[in-house]
Amino acid sequence: MLKGGLAVGLLILGVVVAVAIGLGAAEIDLVTVGKAIFSYDAADIEQVIIRTVRLPRVVAGVIIGAGLAAAGAVMQGLTGNPLASPGLLGINAGAAFAVVLGVYLLGAPPLPVYGLLAMVGAAVAGITVYALASLGRGGASPAKLTLAGVIFSLFLSALTTSLLVMDQNTFDQIRFWTVGSLAARAWPMVITLGPFVAAGLAGAMLLSRQITTLSLGQDIARGLGQDTTRVRALSAAAVILMVGGSVAIAGPVGFVGLIVPHVVRAICGLDYRWIIPYAAVAGAILVTAADTVGRVVQRPQEVPIGVMLALVGAPFFVYLTRYKIR
Amino acid sequence: MNGIEANDLSLAYDGDMVINQLSATVRMGDITTLVGPNGCGKSTLLKGMARLLRPRGGVVLLDGHSIHTMPTRQLARQLGILSQSPTAPEGLTVYELVSQGRFPHQGFFRQWTAEDEEKTREAIAATNIVHLADRPLDTLSGGQRQRAWIAMTIAQDTSILLLDEPTTHLDIGHQLEVMELIERLNRQRKMTILLVLHDLNQAARYSKRLIVLDRGQIVADGAPGEVLTEQMVARVFRVKASILVDPESAAPYCLPYATIGGDNPSRL
Amino acid sequence: MMKQDEFPRPAWLALRTPHARVSFRLDRRLPLVVAALLLALLLALVISVSYGEFRIGYLDVMKAVVGIDTGDSRNALVVQNFRLPRILLALLIGVALAVSGAVIQGITRNDLADPGLLGINAGAGVLVVGYLTLAAVPDTRLLPWLALAGGLGAALLIYLMTWKGGSSTLRLVLLGVGVSAFGAALINYFITQLEVDSAQRAFVWLTGSVYGSTWADVRLLGVWAALLIPPTVLMARHLNVLGLGDDAAASLGLRVEVVRLVLIAISAALAAVTVTVAGTIAFAGLVAPHIARRLVGPAHEGLLLVSALVGGLLLVVADLAARAVIAPEELPIGVTIALIGGPFFAWLLYKRGR
Numbered sequence: 006m007l008k009g010g011l012a013v014g015l016l017i018l019g020v021v022v023a024v025a026i027g028l029g030a031a032e033i034d035l036v037t038v039g040k041a042i043f044s045y046d047a048a049d050i051e052q053v054i055i056r057t058v059r060l061p062r063v064v065a066g067v068i069i070g071a072g073l074a075a076a077g078a079v080m081q082g083l084t085g086n087p088l089a090s091p092g093l094l095g096i097n098a099g100a101a102f103a104v105v106l107g108v109y110l111l112g113a114p115p116l117p118v119y120g121l122l123a124m125v126g127a128a129v130a131g132i133t134v135y136a137l138a139s140l141g142r143g144g145a146s147p148a149k150l151t152l153a154g155v156i157f158s159l160f161l162s163a164l165t166t167s168l169l170v171m172d173q174n175t176f177d178q179i180r181f182w183t184v185g186s187l188a189a190r191a192w193p194m195v196i197t198l199g200p201f202v203a204a205g206l207a208g209a210m211l212l213s214r215q216i217t218t219l220s221l222g223q224d225i226a227r228g229l230g231q232d233t234t235r236v237r238a239l240s241a242a243a244v245i246l247m248v249g250g251s252v253a254i255a256g257p258v259g260f261v262g263l264i265v266p267h268v269v270r271a272i273c274g275l276d277y278r279w280i281i282p283y284a285a286v287a288g289a290i291l292v293t294a295a296d297t298v299g300r301v302v303q304r305p306q307e308v309p310i311g312v313m314l315a316l317v318g319a320p321f322f323v324y325l326t327r328y329k330i331r
Numbered sequence: 240m241n242g243i244e245a246n247d248l249s250l251a252y253d254g255d256m257v258i259n260q261l262s263a264t265v266r267m268g269d270i271t272t273l274v275g276p277n278g279c280g281k282s283t284l285l286k287g288m289a290r291l292l293r294p295r296g297g298v299v300l301l302d303g304h305s306i307h308t309m310p311t312r313q314l315a316r317q318l319g320i321l322s323q324s325p326t327a328p329e330g331l332t333v334y335e336l337v338s339q340g341r342f343p344h345q346g347f348f349r350q351w352t353a354e355d356e357e358k359t360r361e362a363i364a365a366t367n368i369v370h371l372a373d374r375p376l377d378t379l380s381g382g383q384r385q386r387a388w389i390a391m392t393i394a395q396d397t398s399i400l401l402l403d404e405p406t407t408h409l410d411i412g413h414q415l416e417v418m419e420l421i422e423r424l425n426r427q428r429k430m431t432i433l434l435v436l437h438d439l440n441q442a443a444r445y446s447k448r449l450i451v452l453d454r455g456q457i458v459a460d461g462a463p464g465e466v467l468t469e470q471m472v473a474r475v476f477r478v479k480a481s482i483l484v485d486p487e488s489a490a491p492y493c494l495p496y497a498t499i500g501g502d503n504p505s506r507l
Numbered sequence: 007m008m009k010q011d012e013f014p015r016p017a018w019l020a021l022r023t024p025h026a027r028v029s030f031r032l033d034r035r036l037p038l039v040v041a042a043l044l045l046a047l048l049l050a051l052v053i054s055v056s057y058g059e060f061r062i063g064y065l066d067v068m069k070a071v072v073g074i075d076t077g078d079s080r081n082a083l084v085v086q087n088f089r090l091p092r093i094l095l096a097l098l099i100g101v102a103l104a105v106s107g108a109v110i111q112g113i114t115r116n117d118l119a120d121p122g123l124l125g126i127n128a129g130a131g132v133l134v135v136g137y138l139t140l141a142a143v144p145d146t147r148l149l150p151w152l153a154l155a156g157g158l159g160a161a162l163l164i165y166l167m168t169w170k171g172g173s174s175t176l177r178l179v180l181l182g183v184g185v186s187a188f189g190a191a192l193i194n195y196f197i198t199q200l201e202v203d204s205a206q207r208a209f210v211w212l213t214g215s216v217y218g219s220t221w222a223d224v225r226l227l228g229v230w231a232a233l234l235i236p237p238t239v240l241m242a243r244h245l246n247v248l249g250l251g252d253d254a255a256a257s258l259g260l261r262v263e264v265v266r267l268v269l270i271a272i273s274a275a276l277a278a279v280t281v282t283v284a285g286t287i288a289f290a291g292l293v294a295p296h297i298a299r300r301l302v303g304p305a306h307e308g309l310l311l312v313s314a315l316v317g318g319l320l321l322v323v324a325d326l327a328a329r330a331v332i333a334p335e336e337l338p339i340g341v342t343i344a345l346i347g348g349p350f351f352a353w354l355l356y357k358r359g360r
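Protein chains in written order, with our numbering: chain Y, 6 to 331; chain C, 240 to 507; chain S, 7 to 360.
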């Protein structure tokens, strides 16, 4: 039954993607979309738009939606906390700091460079937070992970802010990235950064059975023979890849990782072998739909994805905190 | 003063009606214990009588006055309750904890009178933890901590004390300590005590009166000798037991040996 | 009959008037700790006032503050018009935030609570920056009131959301982080809509800065602090009792809901007023009570006072750092306090082996 649900999900995703490709500042009909993908004619301007502008953007949306949602599910299993989000490992703060530092030093780099800087910053921050949380007895326990993440994020934010306050050019550049957006995301970025997310997602799927065991509690997992230290480290690595790659593509985007896993868990129960793929599909649908709405609701301007997700996310978040918290 | 009366009391917990139109009177000067199987509502009833739960129906009277309309402070000067597993901030010392018991007697400008000091010391002495007075609570053993909490309720200087499972999680030595303290409070200070206990034998040995609850209703009420019978244990707890007589206290002593409706290998 | 000398000395001093009409008690460690902190504060103030592009000797500082002629008329000008207002404002902000933080930590029985982490900053920020973006011709006189309204509104929201059964460390922190994230997303959006100069100024305000503070600001915060802090101190016992849990508190005669609402309102008001004069400053309300607790223990009679002094000291030092680190330019105080506070706080936590 769950397999059927997943197939339905993928079908919905397909529809949403097709609509997303068709809609935008200029509406393009589905026939042309089909032609653009399967029998490309470079002379047709509409097909060119689809291939070079819409398609990469929509693909990027699918990738980050899947990555962030799956990462959120893993984080919640890892920390045992329903309010855990991917940004908790300091990843978003690390990416932001790296990007700001890079822009400060390099002037006005092209978008793909943002991506690389973000990826590096995310990875370094995530590893640092994990290492900090592993100090002392108990290893990287949920409480310590959260605390280390929060403190490290605040600290990095302070550093980032210092740079932004000191230099107006940097500030001007960065503010459009910080809000989280899929605008102008083209193939070079998607092709270089997408694989990181995909790798993280694959890793998460492979680990899904172990994560299910781990989510039952540290002691129970150990009692069942699991090497919890290794599973936690590998899971964290998968999260860093998925979130790092996503932030690299679109900037810091919140709420997806927080909310989607909850919705999904209501459908699939507690088995991460289902939660992770369902989350990936649901996340992809959410982000693609939100981005499409953001593109059409204020034509020809755009509402960035970061804002759209916050608007959808907030009421949901309130619901979560009132009814789902221990 | 008349005792605490529950009149047609109905209490719900998380939407489920746990106590339904229950009436009972706790007489002054007695140690009365509520017993019953898990989920029978004894803790709920205790909380209801201490005004920690708002009743869905009925009323609780203290000396004839409804506790629900009484000012909070006034009630606190007459009735104290100690819940299960109480928590205190890290680093709080025994002295500091016990002194909190004086709260209902204090005001904005009378924050620490000589009487407050005296009562606090008395309470600490009464519970035999003088040597622990300036130790932080979290460095004490379970039994010592429990005594400190009881000392706090003593400092509160009420005539009625409600205790929710004060001996659960304690070893037998500490359990006895606590029960003996409770008995002393009743005997020497004439405190009326209403307890919830799991251990039927403890209840029988120390109480003047037992009230047995099952699924929110009173199924037995009276002296331990009358109430603690093989039939009652079988009916309420689904356990076959022998009722002996405790040679020391002459109280009934329940010795369970099989569950009803299940196999017990040693008796096959 | 109990022998008085058997009893260990209580950890507090009792102060009583002759007919026991008025009585208070104070932790025994308190006088020493307070004296030490006041001394440190005095030192920090003198050093801070003397520091700057225009150096003033320490003796001259003290003279200029009091109004004695120092021979160089510039001293009085610099001290009175530029340095003293902002330094005193930093001090008051530290005091207000520390008390606010101590109260929130007491109410939520959770020592990771902080007025900034609880969304007050996010609420104030959203209203202020939102107004700047959406209003055709923004009236800057409205900004402090918007900050106040936004801060208090967010605090109320969080209060309602947290209040459902007990509180847990993780839940509270994550709740605050979540609400702050929502606020941040909106704020980021508004920042992209503003023209770059306004955007950066709004950004600096958001980070928290005492640059250009005036005596009017000092008076505003001073009055509010003077109104709000004394009642808080009088309610120290209530905070103590609340710390025992809702049930225990109620059974001791505390009207839990009323007291909690009053305390949260005071705490939110204190934090919100600091946002009004200096933008959103995080961390001070979190770290100061922690340090205070290490010094004098969790009883609120002493905790509130010592938190206030520690907070004041922290902010004065942070202000000095803000002016010194990239001199002759300035960092916002919100940044320096996070830079100082962050590692320090991490160290505090790890020392506790949490």
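From the three backbone atoms N, C-alpha and C, an ideal C-beta is built for every residue, glycine too. None of the values given here were measured: they were computed from a predicted structure.
How would you list, in chain order, the residues of chain Y whose beta-carbon sits under 8 Å from the beta-carbon of residue i?
i	result
S/Tyr165	What S/Tyr165 touches in chain Y: nothing, since even the nearest Cβ is about 12 Å away.
Determine, for residue i, whether the minimum Cβ-Cβ distance to residues of chain S falls below 8 Å.
i	result
C/Pro405	no
Y/Pro309	yes
Y/Asp177	yes
Y/Leu28	no
Would you report the Cα separation of residue i and residue j, rounded to the nearest angstrom?
i	j	result
C/Glu465	S/Arg266	47 Å
Y/Ala253	Y/Phe321	26 Å
Y/Ala188	Y/Ala289	17 Å
S/Asp203	Y/Leu28	35 Å
Y/Gly126	C/Thr378	44 Å
S/Leu245	S/Leu311	14 Å
Y/Val53	Y/Thr37	10 Å
S/Ala277	S/Pro121	6 Å
C/Thr283	C/Arg423	26 Å
C/His370	S/Ala208	59 Å
Y/Gly112	Y/Met313	29 Å
Y/Ile179	S/Gly317	33 Å
S/Val283	C/Arg341	41 Å
Y/Ser186	Y/Arg300	11 Å
C/Gln385	C/Pro405	7 Å
Y/Ala203	S/Val135	38 Å
Under a Cβ-count criterion, where at least 16 other Cβ atoms within 10 Å of its own Cβ denotes burial, should residue i be classed as buried or exposed?
i	result
S/Leu133	buried
S/Leu59	One point to set straight first is that residue 59 of chain S is Glu, not Leu, in the sequence displayed. By the 10 Å Cβ count, S/Glu59 comes out exposed.
Y/Met6	exposed
S/Trp230	buried
If you measure from the beta carbon of residue i to each beta carbon in chain Y, is any gap under 8 Å?
i	result
S/Phe350	no
S/Thr114	no
S/Pro338	yes
At the 8 Å Cβ level, is residue i part of the contact set with chain C, yes or no?
i	result
S/Leu212	no
S/Ser54	no
S/Leu311	no
What residues from chain S crowd round residue i, counting only those whose CB sits closer than 8 Å?
i	result
Y/Thr133	Under the 8 Å cutoff, chain S gives no residues; its nearest Cβ is about 12 Å from Y/Thr133.
C/Arg312	Gly259
Under 7 Å Cβ-Cβ, which residues of chain C neighbour residue i?
i	result
S/Asp253	Leu291 and Ser322
I want to verify the contact list: residues of chain S whose CB lies under 9 Å from the CB of residue i, in sequence order.
i	result
C/Gln383	Those within 9 Å of C/Gln383 in chain S number zero; the least Cβ separation is about 15 Å.
Quiz prompt | Any 3 or more C-beta pairs closer than 8 Å across the segment 67-78 of chain Y and the segment 250-263 of chain Y | solution = Flag = yes, the segment 67-78 of chain Y and the segment 250-263 of chain Y touch.
Quiz item: Using 8 Å as the threshold, is the segment 218-228 of chain S in touch with the segment 78-94 of chain S, meaning 3 or more CB pairs across them?
Solution: A contact exists between the segment 218-228 of chain S and the segment 78-94 of chain S.
Quiz prompt | Three CB pairs or more closer than 8 Å across the segment 110-117 of chain S and the segment 181-198 of chain S | solution = No, the segment 110-117 of chain S is not in contact with the segment 181-198 of chain S.
Quiz item: What residues in the segment 437-450 of chain C have a beta carbon less than 7 Å from any beta carbon of chain D?
Solution: Among the protein chains in the structure shown, which are Y, C and S, there is no chain D.
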